[in-house]
Amino acid sequence: MAATKELNVERWSALAISTATIGTAWRAFQASVWSGRQAFLLAGSALVTVGLVAIARLPKVF
């Protein structure tokens, strides 16, 4: 049961990373069309998204 749960977590993590990557690429494309300030804000939100996904993938320490 534990192995199945770990596999399920890995699948959801991979899906989250794929979604974040596609979202970041789309935001970068949109930012290339928009002004500098909007591009900066979108890049910041993309970094936050990627950071949250990375934290979610960290092994459970506690």
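The sequence shown lines up with residues 7 to 68 when you count with our numbering.
Yeah, the Cβ is synthetic: ideal placement off N, Cα and C, and Gly gets one too.
Since the structure is predicted, the reported quantities are computational estimates derived from the model, not experimental observations.
Check each candidate in the options and name the one with the smallest Cα separation from residue i.
i   : options       : result
I23 : V59, F35, P65 : V59
Just the Cα atoms here: how many angstroms apart are residue i and residue j?
i   : j   : result
W18 : G50 : 24 Å
F35 : P65 : 33 Å
F46 : A20 : 27 Å
G29 : L48 : 10 Å
Q44 : A31 : 15 Å
A26 : L53 : 10 Å
Decide if residue i is buried, meaning its Cβ has at least 16 other Cβ atoms within 10 Å, or exposed.
i   : result
G57 : exposed
F68 : The predicted model places F68 with a pLDDT of 48, which falls under 50 and marks its position as unreliable, so this point remains unresolved.
A62 : exposed
R33 : buried
Determine the DSSP secondary structure at residue i, reduced to helix, strand or coil.
i   : result
L47 : helix
L64 : coil
Counting only C-beta atoms, is residue i closer than 7 Å to chain B at any point?
i   : result
L64 : Here there is only one protein chain, and chain B is not present.
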